[in-house]
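> Take this structure first; my questions come after.
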Amino acid sequence: MSPAFSHTGVAVIKLKNPPVNSLSLELLTELVITLEKLENDKAFRGIVLSSDCPGIYSAGLDLLEMCGKSPGHYAEYWRAVQELWLRLYLSKLVTVAAINPCFSLQGPCIAGGCLISLTCDYRVLADNPKYVTGLNETVLGIVAPFWFKDTLVNTIGHRAAERALQLGLLFPPAAALQVGMVDQVVPEDQVQSTALSVMAQWMAIPDHARQLTKSMMRRATADRLLRQRDADVQNFVSFLSRDSIQKALQAYLEKLKQRKG
Amino acid sequence: MSPAFSHTGVAVIKLKNPPVNSLSLELLTELVITLEKLENDKAFRGIVLSSDCPGIYSAGLDLLEMCGKSPGHYAEYWRAVQELWLRLYLSKLVTVAAINPCFSLQGPCIAGGCLISLTCDYRVLADNPKYVTGLNETVLGIVAPFWFKDTLVNTIGHRAAERALQLGLLFPPAAALQVGMVDQVVPEDQVQSTALSVMAQWMAIPDHARQLTKSMMRRATADRLLRQRDADVQNFVSFLSRDSIQKALQAYLEKLKQRKG
Amino acid sequence: MSPAFSHTGVAVIKLKNPPVNSLSLELLTELVITLEKLENDKAFRGIVLSSDCPGIYSAGLDLLEMCGKSPGHYAEYWRAVQELWLRLYLSKLVTVAAINPCFSLQGPCIAGGCLISLTCDYRVLADNPKYVTGLNETVLGIVAPFWFKDTLVNTIGHRAAERALQLGLLFPPAAALQVGMVDQVVPEDQVQSTALSVMAQWMAIPDHARQLTKSMMRRATADRLLRQRDADVQNFVSFLSRDSIQKALQAYLEKLKQRKG
């Protein structure tokens, strides 16, 4: 992952963690540090979040960080996921997700890529039926944390979120647009340019007024996690430490390996 | 009412209470007991809620239980309605409403049939303009309790719920689908088979993850009633005990009798 | 502004404050008094809120009340805006907005006209692309108060409100209808008659049941302001008292003068 900086005050962050572009602890940590720097650098007013990979695997929580490790490791990992969400969801910068192949779910992905896009101010998705987006935790036998749920409800409403989360639905472009998972679907080669046009529209608004408005919309949702952050980590660790969950995740990883082999 | 049991782990419950298929205290009690049994029977993972009647009258709260009876009776009746809602709304089983004629509002019905369908995980409605669905309390001069309202808001959103509840709107199939009162409209003879196909999709999800997700979505709404259940009963009883309300309900019952006579 | 009274129990209030039809302190005060009278007069059951002006300028918060005045004046003005919102949002009367040119934003308008329409039970908008509606505070460098935000979220949902408020979007008729800012778009010469037809539909519902239902839907939102009304005034006054805000508003007023000159 390396942010590209433009003269317009926009940083383009391309997630890159070959071969599966998953959200490892290392990538999360690096991403949080990059975001912190950009937030504190007055030269920047916006971020485009994109991917940079051969187009097969996708960003998502990293199952390898959640399998066969110590409780301490799980706690550290989850705290990093929380941190990323908090930084992105409350970012003072304009955030636009340019969702290209690498966000799609063709590899070990537990909805992390989708969550990142849901924290953004605007989402542009490539019009390719292979690029699905969604929070598919239940399919793997696990449960999205309440703040993933809150983010989704804020985006697509209570009923659509209830159905999508229970069924672990992955939406192809047209359905994603209709339900509101993304704001715009464009041909694949226009994702980046569309994201930059949208960015220009958002940057035309005075920063201070826009930031206060964003905070007014999102602060209550973020505060819910902040109030119970430790309990949420505890919950994640004890859930992951169950034999049945570890077995389910390992079986899923095995299946992926065989598919690739 | 008698549940039909299938080898697939799905129980089909057909409401039957001739001649008007209304939710009498007896039917409510029987339904709650059936649900409790199914919840505790590991052989079952899903319920299809349907109706079984000649096709003219419909399930709904029973005005006869709400007219000319004692305060104690009203309290008992309302507690049974609460109990049914709580059981269905938080059911661990997958619940699909197959809405056929008997849910429609052509008889003494105060939206109870609609409420039952709103507690389900998915709603399939027969495509017949005579089958309307909605919470029409205000038309009778009464007010839906807050937990009916919460259920509706969770399903169709705040604005649509505000308008529907104030006007006591009954939606025919196309409008019901558009506003989100139901998830699917199909020809009448396909309601049951569609409900079973949908059920299969939901049952493909691991139970434990699906149940925790459902609870995460609905627990706060259910807790609002649980916290003030007695006050809600009190409120219902004192409302029903007013002369003006009793007169309005009796006038409505008279009108129905004449229509039939 | 003068309410026209009809024999049907409906008052038609036409906002009139030439030349810009803005919500001056005087107009707000007059409007609140009129509403209070109508609420207490049993002859009235509904209000149509409309405009009466040459068709160029529009109702909205009055920048002149917010520029170069004393903190005490700002406090008095804001309290009057709160009072109008509280009266309209919780009105026992049926309220229908007939949105014609004068609500549109072609003059000094900070979304006040739109807010008034959002408090109504139903909104009819003239089908003319020049008539845009929205809360455009951020464009002027200021922030909508949380109760404007709550009203908008209750009307168009969280996601649409987040985007509209951050960008200060002004919706032309078709877009306003699609996002839910208005309930109906009709040819300009049918706005008034449509509003009266809609009124008839709402007045067919028994008042008492309709009023209790409306209160059930809106009370929690109004209570949020009531609980922190003084703090909200304080917040507005200290915000307006900043040099940067005063300069931004004055620059905006200058621009408007030049446009007219």
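Protein chains in written order, with my numbering: chain A, 4 to 264; chain B, 4 to 264; chain C, 4 to 264. Ideal placement from N, C-alpha and C gives every residue a C-beta, glycine not left out. Nothing here was measured: the structure is a model prediction, and the numbers come from that model.
1. Is it buried or exposed for C/P148, if we count other Cβ within 10 angstroms and need 16 for buried?
2. What is the DSSP secondary structure of A/T11, reduced to helix, strand or coil?
3. Taking C/L215 as the query, report the chain E residues whose CB atoms sit under 8 angstroms from its CB, ordered along the chain.
4. Using only CA atoms, which one of B/V135, B/L168, B/L256, B/L96 lies nearest to B/V15?
5. I'd like to know whether the C-beta atoms of C/V236 and C/R90 end up nearer to each other than 8 angstroms.
6. Less than 8 angstroms between the C-beta atoms of B/V127 and B/A167, yes or no?
7. Just to confirm the assignment: which complete alpha helix (DSSP H) runs, minimum length 4, are found wholly within the stretch 100-171 of chain B?
8. Cα-Cα, which of C/E86, C/D210, C/T197 is closest to C/W150?
9. Is it buried or exposed, B/L18, if we count other Cβ atoms within 10 angstroms and call 16 or more buried?
10. Any Cβ of chain B within less than 8 angstroms of the Cβ of C/H211?
11. Please state if the CB of A/V99 and the CB of A/D124 are separated by a distance shorter than 8 angstroms.
12. Rounded to the nearest angstrom, how far is the Cβ of A/G171 from that of A/T141, given a contact under 8 angstroms?
13. Looking at the C-beta of C/H161, does it have a partner C-beta in chain A at a distance below 8 angstroms?
14. Could you check whether the Cβ of C/F239 sits closer than 8 angstroms to any Cβ belonging to chain A?
15. Measuring straight from C-alpha to C-alpha, what distance separates B/S107 and B/T136?
16. Along the chain, where does the beta strand (DSSP E) that runs through B/V189 open and close?
17. Got a sec: does the ligand NAP put a non-hydrogen atom nearer than 7 angstroms to the Cβ of B/S73?
18. Does any residue of chain C bring its CB to less than 8 angstroms from the CB of A/M202?
19. Expressed to the nearest angstrom, what Euclidean distance is found between the alpha-carbon atoms of B/R213 and B/M220?
20. Find the residues of chain C that neighbour A/T158, judging by a C-beta separation of less than 8 angstroms, and give them in chain order.
21. Measure from the alpha carbon of A/V51 to the alpha carbon of each residue in A/F239, A/P190, A/V201, then state which is nearest.
22. List the residues of chain C that A/W88 touches, going by C-beta distances under 7 angstroms, in chain order.
23. Counting only C-beta atoms, is A/R142 closer than 8 angstroms to chain B at any point?
24. Just curious, the beta strand (DSSP E) that B/S27 is in, first and last residue?
25. For the candidate residues A/R227, A/V189, A/L66, whose alpha-carbon lies nearest to that of A/K260?
26. Bridge partners for A/S53 per DSSP, in chain order?
27. Taking Cβ positions, are C/I242 and C/I248 nearer each other than 8 angstroms?
28. Taking only beta-carbon atoms, is A/L170 less than 8 angstroms away from chain B?
29. I believe C/S120 touches C/E68 by the beta-carbon criterion, under 8 angstroms. Please report the beta-carbon distance rounded to the nearest angstrom.
30. Indicate whether at least one CB of chain B lies closer than 8 angstroms to the CB of C/I102.
31. Pull up the CB-CB distance for A/R162 and B/T158, whole angstroms please, since I reckon it's below 8 angstroms.
32. Under 8 angstroms between C-beta atoms, does B/W150 make it to chain A?
33. Whose Cβ in chain B lies nearer than 7 angstroms to the Cβ of A/E165?
34. Ignore the nearest five residues each way along the sequence and tell me which others in B/T32's own chain have a CB closer than 7 angstroms to its CB.
35. Comparing C-alpha positions only, which one of B/V35, B/S54, B/E29 sits nearest to B/H76?
36. Taking B/S276 as part of the alpha helix (DSSP H), name the residues at either end of that continuous run.
Reading from the atomic positions:
1. buried
2. coil
3. Here chain E cannot be found, since the structure's protein chains are A, B and C.
4. B/L96
5. No; because the gap between Cβ atoms is not below 8 angstroms, this pair is not in contact.
6. no
7. 115-122, 149-159, 161-170
8. C/E86
9. buried
10. Chain B, which has a Cβ nearer than 8 angstroms to the Cβ of C/H211, makes this yes.
11. yes
12. 4 angstroms
13. Answer yes: the Cβ-Cβ gap between C/H161 and chain A drops below 8 angstroms somewhere.
14. No Cβ of chain A is located within less than 8 angstroms of the beta carbon of C/F239.
15. Note that B/S107 scores 44 on pLDDT, short of 50, meaning its location in the model is unreliable and no value can be drawn from it.
16. 187-189
17. Of ligands this structure carries none, so the ligand NAP is not represented either.
18. no
19. Roughly 11 angstroms separates the two Cα atoms.
20. H161, R162
21. A/V201
22. Within chain C, no residue comes near A/W88; the closest Cβ sits about 16 angstroms away, beyond 7 angstroms.
23. Per the sequence shown, residue 142 of chain A should be read as Val rather than Arg. Cβ-Cβ to chain B under 8 angstroms: yes for A/V142.
24. Careful: B/S27 lies outside any beta strand (DSSP E) and carries neither H nor E.
25. A/L66
26. A/S53 is bridged to A/K17.
27. The sequence given here places Phe at residue 242 of chain C; Ile does not occur at that position. Yes, they are a contact pair.
28. yes
29. 20 angstroms between Cβ atoms; not a contact.
30. no
31. 5 angstroms
32. no
33. M220
34. A83
35. B/E29
36. Lying before the first or after the last residue shown, residue 276 of chain B is absent from chain B, which here runs from 4 to 264.
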